[in-house]
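Visitor: My questions all concern the structure below.
Printed below as a string of structure tokens:
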């Protein structure tokens with residue numbers, strides 16, 4: 143397929159027409175950094191979403207999930223960082239509802255048109271006075287340039303805000319898709335639908351039906367956020383929301399669906415990649431690529447065994463081409479295969495050949511591992527199915543961040 | 143059941159009568175530390191074993207497994223550290239066989255009565271000249287006091303040798319069980335039958351039938367090595383072997399089986415505990431204890447989700463009572479349960495009550511986490527099944543060891 147989308151410099155959730163956003167400091171974070179954000183659509187936007195499968199789904203996830211399932215459209219998302227409003231019982235649910243209704247009142251819209259997210263410390267009730275004055279500020283501050291402020295306000299252990307937008311040429315005109323994500327720890331694949339302490343908000347001025355939006359969102363997630371793993375943990379608050387307000391006047395027709403979907407996927411992959419690069423303490427971005435497996439399920443299982451192996455991840459951190467840990471991870475993955483057929487390369491450098499040492503000198507292999515971005519290519523020689531994931535190394539800094547992080 | 147076993151000070155695999163052992167430096171390790179060991183029974187001993195389920199099972203595991211399955215008895219085990227003889231193809235298999243036949247020749251016994259283990263670097267062929275001169279030394283050095291030397295010789299990243307022995311009073315006399323283990327990384331439960339870069343050799347002078355031995359070994363593993371996790375990785379070389387030579391003259395009768403089995407289990411638990419305490423970089427021993435789950439499978443799944451969570455393990459290292467990570471791990475375990483029924487205590491200190499904050503001041507909770515040995519007690523209030531596992535924290539030292547470890 144010809145590439146008909148291009149990334150917009152400094153693109154964000156406010157790049158598409160008809161969206162405003164803001165990010166302000168309400169006082170939830172001790173640091174005084176921005177901790178509340180708002181995304182608002184001038185007109186009702188078709189909505190779809192995907193949420194954590196964690197049994198302890200946070201109160202805002204419960205509220206948001208129900209609205210996205212029951213309603214065709216939404217107008218706004220109110221978000222706070224610094225407090226996850228998770229494991230907070232009925233008072234927490236009431237607080238999530240109140241965040242929506244108070245935001246709706248200030249925006250002059252219906253409460254059921256407001257979605258809500260929270261991220262941060264688990265098990266602490268939201269300070270509603272602080273939240274409400276934050277909503278006042280967020281509503282007042284929203285602007286068509288506010289997308290990058292929003293991306294700032296949703297950060298927790300992220301070191302950089304993560305926003306992007308793409309323009310797409312469709313047969314009947316140009317549309318824009320923007321997005322903001324946050325997440326750098328508690329990241330694991332299987333957002334069927336999402337996990338990970340990740341929040342993702344996608345806006346577009348294209349017109350789409352809810353069914354189209356659902357399909358494109360899930361397929362995009364399966365090609366992006368479902369394929370990244372930082373620490374194998376999953377969170378109580380993961381949320382991905384997409385809003386399509388149609389303000390461009392361009393409706394996505396069936397013949398353009400593939401082009402639009404490819405652009406959405408490229409945007410989500412870009413942000414997924416940025417999340418891994420910004421992974422807690424990560425110094426290396428690693429693509430694990432399994433090819434010629436018997437089935438895609440096998441390939442996924444093998445890729446995830448390597449991507450979640452602490453021993454592989456610490457070896458990468460140490461520039462150690464120790465392929466024994468790779469084959470051990472393949473071997474314990476639960477997948478049945480013939481070990482004597484397995485070939486592995488670091489980038490294009492052979493490391494394992496027919497299940498044994500490929501003979502490349504260790505120094506040459508170590509050169510690949512010293513790069514900040516490399517591939518582990520595993521050829522199972524057992525079929526024609528493949529799967530790839532993106533992961534990172536585990537460093538001292540990861541331990542430091544997670545041993546010392548108290549919101 | 144009345145406890146009728148007691149631990150022997152400085153007990154080892156040579157505490158039971160009729161066994162000799164040795165540990166010597168053959169020159170496989172660059173450090174010059176002991177790297178080969180031998181266990182020898184004066185008379186044929188009934189044998190049972192359990193091995194890694196990794197697809198890349200090392201050559202010695204393949205040889206050993208077949209012998210243990212096909213033969214009722216064995217006489218000796220020859221072991222080397224510093225080289226795993228894994229992913230070494232047919233030359234590796236030949237080398238494993240040659241280790242057995244050369245050892246047999248030197249001991250004047252049949253090759254099929256010799257078992258073999260290797261641990262260390264994967265993917266490198268064994269230097270057979272070094273191995274053979276090591277076997278010469280190991281055969282010459284064996285003595286009835288050699289058990290602790292053996293435990294030294296099988297170490298890799300272990301910081302201390304791990305040996306123990308118990309005496310058991312049976313109705314017709316006293317018998318002794320001794321054991322040596324090694325393993326401090328690549329440790330994960332599910333040795334159905336074993337995993338983990340763990341090697342375990344158990345000797346007893348009791349007389350047992352092979353069937354009894356099989357049953358008791360598997361049941362002991364399920365109550366010990368299957369319940370420990372250090373880093374969630376599993377190895378190509380895991381092996382547990384038990385040899386019963388009957389030299390005490392005491393046959394284990396049916397009426398004594400439970401007493402003997404309890405003693406064996408206590409010995410295995412002691413060594414499993416020592417492995418976790420000696421876990422790579424571990425500073426804390428943590429028992430995760432799930433009670434009142436709907437099923438034992440649920441309880442196990444919940445316990446393992448916490449025990450393998452990097453976020454929980456780094457929080458413990460940081461003395462951080464952050465229970466959000468605990469409930470997140472329970473929530474993503476895949477087990478269905480009502481989150482509003484869950485209670486959690488650190489030791490006896492309530493931390494989560496009915497799925498929310500139990501109200502214990504954080505400083506008091508942190509006092510529990512500062513201990514080098516504490517329990518995470520989770521009451522699901524959903525049934526009557528339970529499961530426990532032993533795990534440890536993840537420290538800077540873990541990353542250091544695994545980023546910098548090259549055998």
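Residue numbers (our numbering), protein chains in the order written: chain A, 143 to 549; chain B, 143 to 549. All C-beta atoms in this analysis are idealised placements derived from N, C-alpha and C, irrespective of residue type, glycine included. Because the structure is a prediction, the values reported are computed rather than measured.
#1: Could you tell me whether the Cβ of residue 481 of chain B comes closer than 8 Å to any Cβ of chain A?
#2: Residue 107 of chain A: buried (16+ other C-beta within 10 angstroms of its C-beta) or exposed?
#3: Quick test of your reading: residue 392 of chain A and residue 312 of chain A, contact by CB under 8 Å. State the CB separation rounded to the nearest angstrom.
#4: Please classify residue 268 of chain A: does DSSP put it in a helix, a strand, or coil?
#5: Any idea which residues DSSP pairs residue 263 of chain A with across the strands?
#6: Buried or exposed for residue 503 of chain A, please, with buried defined as at least 16 other CB atoms from any protein chain shown within 10 angstroms of its CB.
#7: What does residue 465 of chain A touch in chain B if you count any residue whose Cβ is under 7 Å from its own?
#8: In three-state DSSP terms, what is residue 372 of chain B?
#9: With 8 Å as the limit, tell me which residues of the stretch 523-538 of chain B have their beta carbon closer than that to any beta carbon of chain A; keep them in chain order.
#10: Would you please state the rounded distance, in angstroms, between the beta carbons of residue 444 of chain B and residue 432 of chain B? I believe it to be under 8 Å.
#11: Give a yes or no on whether the minimum CB-CB distance between residue 544 of chain A and chain B is below 8 Å.
#12: For residue 529 of chain A, does the count of other Cβ atoms within 10 angstroms reach 16, so buried, or fall short, so exposed?
#13: In chain order, what residues of the stretch 172-205 of chain A put their CB closer than 9 Å to some CB of chain B?
#14: Please classify residue 423 of chain A as buried or exposed, where buried requires at least 16 neighbouring CB atoms within 10 angstroms.
#15: So with CB distances below 9 Å, who are the chain B contacts of residue 459 of chain A?
#16: Would you list the residues sitting across from residue 311 of chain B in a DSSP beta bridge?
#17: Against chain B, does residue 470 of chain A count as a neighbour if the rule is that its beta carbon must be under 8 Å from one of theirs?
#18: By the 7 Å beta-carbon criterion, what residues does the stretch 488-520 of chain B contribute toward chain A?
#19: From residue 186 of chain A to residue 211 of chain A, what does the alpha carbon distance come to, in whole angstroms?
#20: Residues of the stretch 273-303 of chain B with a CB closer than 7 Å to any CB of chain A: list them in chain order, please.
#21: Specify, as a first and last residue, the run of the beta strand (DSSP E) that residue 492 of chain B falls within.
#22: Using beta carbons (cut-off 8 Å, strictly below), is residue 557 of chain A in contact with chain B?
#23: When DSSP labels each residue in this structure, what does residue 198 of chain A get in the three-state scheme?
#24: If you draw a straight line from the C-alpha of residue 228 of chain A to the C-alpha of residue 195 of chain A, how long is it?
#25: For residue 361 of chain A and residue 226 of chain B, what's the separation of their Cα atoms in angstroms?
#26: If you reduce the DSSP assignment to three classes, tell me which class residue 544 of chain B lands in.
#27: Hey, residue 545 of chain A and residue 457 of chain B are a contact pair by Cβ (cut 8 Å); roughly how many whole angstroms apart?
#28: So which of A:217, A:367, A:306 has the shortest CA-CA distance to residue 533 of chain A?
#29: For residue 490 of chain B, is the classification buried or exposed, using 16 other Cβ atoms within 10 angstroms of its Cβ as the cut-off for buried?
#30: Kindly say whether residue 548 of chain A, judged by its beta-carbon, lies nearer than 8 Å to any beta-carbon of chain B.
#31: Mind pulling the chain B residues with CB within less than 8 Å of residue 231 of chain A?
#32: Output, in chain order, the set of chain B residues within a Cβ distance shorter than 7 Å of residue 456 of chain A.
#33: Within 8 Å of any Cβ in chain B, is that where the Cβ of residue 474 of chain A sits?
#34: Among residues of its own chain, excluding the 5 on either side of residue 510 of chain A, which ones have a beta-carbon nearer than 8 Å to its beta-carbon?
#35: Nearest to residue 292 of chain B by alpha carbon, out of B:350, B:267, B:342?
#36: Go to residue 188 of chain A, then tell me how far its beta strand (DSSP E) extends in each direction, as first and last residue.
Guide: Looking at the coordinates:
#1: Contacts with chain A at 8 Å (Cβ-Cβ) include residue 481 of chain B.
#2: In the structure displayed, chain A extends from 143 to 549; residue 107 of chain A sits before or after that span and is not available.
#3: Confirmed, about 6 Å.
#4: Correct three-state label for residue 268 of chain A: coil.
#5: Within the DSSP secondary-structure output, residue 263 of chain A pairs in a beta bridge with A:225.
#6: Result: exposed.
#7: At a beta-carbon threshold of 7 Å, the residues of chain B lying near residue 465 of chain A are 265, ordered along the chain.
#8: Three-state result, residue 372 of chain B: coil.
#9: Those would be 536, 537, 538, in chain order.
#10: About 5 Å separates the beta carbon of residue 444 of chain B from that of residue 432 of chain B, a gap short enough to meet the 8 Å contact definition.
#11: Yes, because at least one Cβ of chain B sits closer than 8 Å to the Cβ of residue 544 of chain A.
#12: That one is buried.
#13: If the cut-off is 9 Å between Cβ atoms, the stretch 172-205 of chain A has 194, 195, 196, 197, 198, 199 near chain B.
#14: Counting Cβ neighbours within 10 Å, residue 423 of chain A comes out buried, since at least 16 surround it.
#15: For a Cβ distance threshold of 9 Å, residue set 541, 544, 545 of chain B lies close to residue 459 of chain A, ordered along the chain.
#16: By DSSP's assignment, residue 311 of chain B forms a beta bridge with B:316.
#17: Among the CB atoms of chain B, one or more fall inside 8 Å of the CB of residue 470 of chain A.
#18: If the cut-off is 7 Å between Cβ atoms, the stretch 488-520 of chain B has 497, 498, 499 near chain A.
#19: If I take the Cα positions, the gap works out to 16 Å.
#20: Within the stretch 273-303 of chain B, no residue places its CB atom closer than 7 Å to a CB of chain A.
#21: It spans 491-495 - the beta strand (DSSP E) in which residue 492 of chain B sits, taken as one unbroken run.
#22: In the structure displayed, chain A extends from 143 to 549; residue 557 of chain A sits before or after that span and is not available.
#23: Assignment of residue 198 of chain A by DSSP, reduced to helix, strand and coil, places it in the coil class.
#24: Distance from the CA atom of residue 228 of chain A to the CA atom of residue 195 of chain A, rounded to whole angstroms, is 14 Å.
#25: In this model, residue 361 of chain A and residue 226 of chain B are separated by some 43 Å (Cα to Cα).
#26: Residue 544 of chain B falls in the helix class under three-state DSSP.
#27: At roughly 7 Å, the Cβ-Cβ gap stays under 8 Å, so residue 545 of chain A and residue 457 of chain B are in contact.
#28: It is A:367.
#29: Taking a 10 Å sphere around the C-beta of residue 490 of chain B, we find fewer than 16 other C-beta atoms and assign the residue as exposed.
#30: Legend: pLDDT at residue 548 of chain A = 49, less than 50; position of this residue unreliable, value from coordinates given subsequently. For residue 548 of chain A, the answer is yes, since a Cβ of chain B falls inside 8 Å of its Cβ.
#31: Correct list: 482, 496, 497, 498.
#32: Chain B residues near residue 456 of chain A: 541, 544, 545.
#33: Residue contact with chain B for residue 474 of chain A: present (Cβ-Cβ distance below 8 Å to some residue of chain B).
#34: Around residue 510 of chain A: 463, 488, 489, 491, 516.
#35: In terms of CA proximity to residue 292 of chain B, B:342 leads the group B:350, B:267, B:342.
#36: Judged by DSSP secondary structure, residue 188 of chain A falls within the beta strand (DSSP E) whose first and last residues are 178-193.
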